[in-house]
Structures are given as structure tokens and as C-alpha cells.
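Following my numbering, the numbering of the sequence shown begins with 19 at its first residue and continues without gaps.
For every residue, glycine included, the Cβ atom is placed at its ideal position computed from N, Cα and C.
Below: one structure, written as C-alpha cells.
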Amino acid sequence: MSLIAGSPGGPFLTSLSAVAQSTGEPLPTNSTQAAPPSSEELNVMMAQLSSSDQPEDIATLAYISGFPLVTMERQFNFVTSPNNPPWSGRGPANSVSYATDLVNASFTDVVTPNSDTLYCQTQFDLRNEPVVVVVPPISDRYYSFQFLDAYTNDYAYLGQRASGGNGGTYLIAGPDWNGQVPEGMTKIWTLTNLAWLITRTLVKSPADVANVNAIQDLRPTNYKTRQRLAISSNDTSNQKY
Numbered sequence: 019m020s021l022i023a024g025s026p027g028g029p030f031l032t033s034l035s036a037v038a039q040s041t042g043e044p045l046p047t048n049s050t051q052a053a054p055p056s057s058e059e060l061n062v063m064m065a066q067l068s069s070s071d072q073p074e075d076i077a078t079l080a081y082i083s084g085f086p087l088v089t090m091e092r093q094f095n096f097v098t099s100p101n102n103p104p105w106s107g108r109g110p111a112n113s114v115s116y117a118t119d120l121v122n123a124s125f126t127d128v129v130t131p132n133s134d135t136l137y138c139q140t141q142f143d144l145r146n147e148p149v150v151v152v153v154p155p156i157s158d159r160y161y162s163f164q165f166l167d168a169y170t171n172d173y174a175y176l177g178q179r180a181s182g183g184n185g186g187t188y189l190i191a192g193p194d195w196n197g198q199v200p201e202g203m204t205k206i207w208t209l210t211n212l213a214w215l216i217t218r219t220l221v222k223s224p225a226d227v228a229n230v231n232a233i234q235d236l237r238p239t240n241y242k243t244r245q246r247l248a249i250s251s252n253d254t255s256n257q258k259y
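As C-alpha cells, then:
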């Protein structure tokens, strides 16, 4: 994403090069651009790094492990900053930012966004308390709710194929919260206190955009997050991730 400063994949490819150098395995190349290692080659490299006691290997492993955490926090700080101009995907933590129309070639925040879905995004900050996510019934089209932790791993998924079209109310809780889940809510446990929700809803044609806007129901919103202040939680205000 161009939300993060730097060339796409630059630091990650640098880390792959470091892995290859530390293990003695050169990265495969072609005449125009270095190709990334296969998943099998990466597994071998990571196993060698994980079992090594060499300082350069330990440093490489720390870089690989820490890179997504730093990247996620940089993104969180950027898109939630009030000093940046408003745009789809930007806004305060634990709020929903909507796209109300399909993207075109002028949109550059994401390299290859879908051209047939409307997006909603939420940056979760779960350090103090859980957040409630309400999903409306959606029975006539594809939709998905993708949850990513601070390592950018997908840790939960809601949607037409995974949970059906009936909707529901979900309690998004951080790793240290151990309160009681209110009746009628389903808990989604999150590994890290910073997390990211991306929703996609199918638009069947340009004339269908208004129907998806109605599902979003922007004022007030159905795709919504809200702080559940009455839910008791542990004080994790000094924890970052």
C-alpha cells in the first residue's frame, strides 16, 4: 500500500536478500528482476535462521519478525492522523471509513483494488477495551469481513461463504481482555492490540452502487463499530501491540 512510505516490497525484499546471504542460498534471478524464493526455499531458509546462533542470523530473524509490526503501526499512525486529508480508509481508530463509489485509475492508495466492490476499513486499537462490530443481514450479494492482526496475518473472516448472510454482532477483543462476553455477541479474539478490518461488498453494476450504499446505510451506519464502554476490561493502556 502506498500509505506506507517507501517502495512497495523494498524492505521485504531486502530481508529476503539478508536471509539468502546468511544461509548461503542465492536468490533466483532473471534478466529483468530478481524473483522471490519459493515457499519451500523460504521454509528452508527460516529453519536455518531459527536454529542458528550466529549474530547476523539472529539479527536477520529479528528484522523479519519485527518488520510487519513496525509497518502496521506506521500505517495505523498515518491513516488515523487528523493531520492527513480525509480519504477512504482514513479516520479515527475504532471507526469505519467508507468508500461510497467504485474506484478508478485516479485512486492510488492501493496498488490493485477491486473494481467491483465497495470497501470499508477500520483500524482497531484494543488496548483499553473491546470493540463491537455489527454486521447487517446481506443475502443478495457477496461480502466479506477480513480481520488482520499486527503481523498482517488473517485471523478471522466473516462473509457470505464463511458465516452466511444473516449478519450478527461480534465482540473484537484484544489479547489481554478477559471480561464476560455479553449475551447475543460472538467473541473474535485478536492476537495483537492493533488490528485492521477490511470489508468488501459486491457491486453488480454502476447502477447498483446506490444499493450497496443503502446496505452501508451511512447515516447512521449498519457496518459499524462502537466502543462497548460498559464491558469490563483489563487496563492495557501501557501496552503497544
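Residue from the options whose Cα sits closest to the Cα of residue i
| i | options | result |
| --- | --- | --- |
| Val199 | Ile82, Tyr116, Pro154 and Val149 | Val149 |
| Ser115 | Gly177, Thr187, Trp214 and Ala180 | Trp214 |
| Arg186 | Pro193, Leu176, Leu87 and Thr126 | Looking at the sequence shown, residue 186 is not Arg but Gly. Per the Cα distances, Leu176. |
| Ser12 | Gln139, Gln66 and Asn229 | Residue 12 is absent from the structure shown; the chain starts at 19 and stops at 259. |
| Ser99 | Trp105, Glu91, Gly109 and Met90 | Gly109 |
| Val152 | Ser56, Ser113 and Asn196 | Ser113 |
| Gln93 | Glu58, Ala111 and Asn146 | Ala111 |
| Asn196 | Ala52, Asn102, Arg145 and Val227 | Arg145 |
| Lys222 | Ser133, Ala123 and Met203 | Ser133 |
| Met63 | Ile82, Gly202 and Ser181 | Ile82 |
CB of residue i within 7 angstroms of CB of residue j, strictly
| i | j | result |
| --- | --- | --- |
| Thr130 | Arg218 | no |
| Asp167 | Leu209 | yes |
| Gln231 | Thr118 | Rather than Gln, the amino acid found at residue 231 in this sequence is Asn. Result yes, Cβ atoms of Asn231 and Thr118 sit closer than 7 angstroms. |
| Tyr160 | Leu220 | yes |
| Gly84 | Val97 | no |
| Phe163 | Tyr173 | no |
| Pro86 | Tyr188 | no |
| Leu60 | Leu79 | no |
Contact belief for residue i with residue j at Cβ below 8 angstroms, rounded distance in angstroms
| i | j | result |
| --- | --- | --- |
| Asn171 | Pro193 | 13 angstroms between Cβ atoms; not a contact. |
| Ile190 | Ile206 | 5 angstroms |
| Pro154 | Ile233 | 6 angstroms |
| Pro224 | Leu120 | 7 angstroms |
| Trp105 | Asp127 | 7 angstroms |
Which residues DSSP lists as bridging residue i, in chain order
| i | result |
| --- | --- |
| Tyr81 | Its beta-bridge partners do not exist; DSSP assigns none. |
| Lys205 | Leu189 |
| Ile76 | Beta-bridge pairing links Ile76 to no other residue. |
| Phe163 | Leu176 and Thr217 |
| Leu212 | Asp143 |
| Thr115 | Residue identity check: residue 115 is Ser in the sequence provided, not Thr. Paired residue(s): Gln139. |
| Ala232 | Beta-bridge pairing links Ala232 to no other residue. |
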